[in-house]
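Undergrad: Under my numbering, the residues of the sequence shown are numbered 17 to 215, in order.
C-beta: ideal position from N, C-alpha, C; glycine also.
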Amino acid sequence: MEESSLHLKEDIDRAVELLKKMQARDNMPRDKLQKLQAVLESEFFGTVRQVYENVYGTVDAKGAPEAVAGATAKATIAAFAASEGYSHPRIVELPKTEAGLGFNIMGGNDPETPIYVSRIIPDGVADRNGGLRRGDELLAVNGVSVEKMRHEDVVGLLKKSEVSVKMVLKYNPGVLNEMESQFDQQRQSSQRRSQRKSR
17 MEESSLHLKE
27 DIDRAVELLK
37 KMQARDNMPR
47 DKLQKLQAVL
57 ESEFFGTVRQ
67 VYENVYGTVD
77 AKGAPEAVAG
87 ATAKATIAAF
97 AASEGYSHPR
107 IVELPKTEAG
117 LGFNIMGGND
127 PETPIYVSRI
137 IPDGVADRNG
147 GLRRGDELLA
157 VNGVSVEKMR
167 HEDVVGLLKK
177 SEVSVKMVLK
187 YNPGVLNEME
197 SQFDQQRQSS
207 QRRSQRKSR
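1. Going by DSSP, which residues form a beta bridge with Met122?
2. What residue range is occupied by the uninterrupted beta strand (DSSP E) comprising Val108?
3. Below 8 Å on the Cβ atoms is my guess for Leu148 versus Val133; work out the distance and round it to an integer in Å.
4. At the level of alpha carbons, what is the spacing between Met183 and Ala83?
5. For Asp152, I'd like the list of residues in its chain whose CB is within less than 6 Å of its CB, leaving aside the five on either flank, ordered along the chain.
6. Would you call Thr92 buried or exposed, if buried means 16 or more other Cβ atoms sit within 10 Å of its Cβ?
7. For Glu57, which of helix, strand or coil comes out of DSSP?
8. Extract the residue ranges of the alpha helix (DSSP H) inside the region 166-205, only unbroken runs of 4 or more that lie entirely within it.
9. Let me check one thing: in DSSP terms, what residues is Ser210 bridge-paired to?
10. How should Asn125 be labelled, buried or exposed, when 16 other C-beta atoms within 10 angstroms of its C-beta is the threshold for buried?
11. Going by DSSP, what residues sit across from Ala156 in a beta bridge?
12. Check whether the region 166-179 touches the region 202-213, taking contact to mean three or more Cβ pairs, one atom from each stretch, closer than 8 Å.
13. Since I believe Leu117 is in contact with Val181 (beta carbons under 8 Å), could you give me their beta-carbon distance rounded to a whole number of angstroms?
14. Assign Pro81 to buried or exposed, taking buried as 16 or more other Cβ atoms, counted over all protein chains shown, within 10 Å of its Cβ.
15. What is the rounded straight-line gap between the Cα of Pro111 and the Cα of Leu52?
16. So, helix, strand or coil for Pro81, using DSSP?
17. Within 10 angstroms of its Cβ, does Ala40 collect 16 or more other Cβ (buried), or is it exposed?
18. Candidates Thr129, Ile121 and Asn158: which alpha carbon is nearest Val67's?
19. Within a Cβ cutoff of 6 Å, which residues of the same chain sit near His104, ignoring the five residues on either side of it in sequence?
20. Can you say whether Lys135 is buried or exposed, counting buried as having 16 or more other CB atoms within 10 angstroms of its CB?
21. I need the DSSP call for Leu117, collapsed to helix, strand or coil.
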């Protein structure tokens, strides 16, 4: 799929200038216009714009521009909804090489288990890029939401990309540590059962 870029900052800047002009008029609700201007100039709105712009170029949707915009909006909202109470989503793009992407994932064994970056391979693509962290939850790959997607399907989605992989991520190491702790407990329990059987 051919990527298309989207840059909304100039449009937002024009909207802010228009709001300032409207506030100078006597017949306009100045307090409401000021609140709207504050939202458009806020750091959070800038983060939303950045995620939307990056997702727009990779969203897997066909048809009229309105359909692509709608699919992008849904993917952006899903990313922020999934990150509620944690760090905001961010975009990381990695080039595809013969050596792979340079990281491992875990999770996705059932629809309720999220996918996490469990290991960054030293001197691999992800390690050299520096944008990926152990404990990052994977929210979307090339515009496709991986929420409730099984592990093998996410691996297939990552391998499917030919040139680069653009991911929406949020940092949430606490859940990864809990998953690893449960995995270790299951492994130790299995080892103890095997030892009892061998006696």
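TA: Quick look at the numbers:
1. Answer is Tyr132.
2. Unbroken beta strand (DSSP E) run through Val108: Arg106 to Pro111.
3. The Cβ separation is near 6 Å, so the contact holds.
4. Distance between Met183 and Ala83, taken at the CA atoms: about 21 Å.
5. Within the same chain, Asp152 has close Cβ partners Val133, Leu185 and Tyr187.
6. Per the 10 Å Cβ criterion, buried.
7. Of the three classes helix, strand and coil, the one that applies to Glu57 here is coil, per DSSP.
8. If we require 4 residues or more, the alpha helix (DSSP H) runs fully inside the region 166-205 come out as 167-176.
9. Per DSSP, none; premise fails for Ser210.
10. By the beta-carbon neighbour count (other beta carbons within 10 angstroms, threshold 16), Asn125 is exposed.
11. Beta-bridge pairing links Ala156 to Ser161 and Val184.
12. Note that the region 166-179 does not touch the region 202-213; fewer than 3 beta-carbon pairs, one per stretch, sit closer than 8 Å.
13. At roughly 6 Å, the Cβ-Cβ gap stays under 8 Å, so Val181 and Leu117 are in contact.
14. Burial state of Pro81 is exposed, judged by a 10 Å Cβ sphere holding fewer than 16 other Cβ atoms.
15. Pairing Pro111 with Leu52, the inter-Cα distance amounts to about 39 Å.
16. Three-state DSSP puts Pro81 in a helix.
17. Residue environment for Ala40: exposed (fewer than 16 other C-beta atoms within 10 angstroms of its C-beta).
18. Answer by Cα proximity: Asn158.
19. Excluding its 5 nearest sequence neighbours in each direction, His104 has C-beta neighbours in its own chain below 6 Å: Thr63, listed in chain order.
20. According to the sequence shown, residue 135 is Arg rather than Lys. Exposed is the call here.
21. Three-state result, Leu117: coil.
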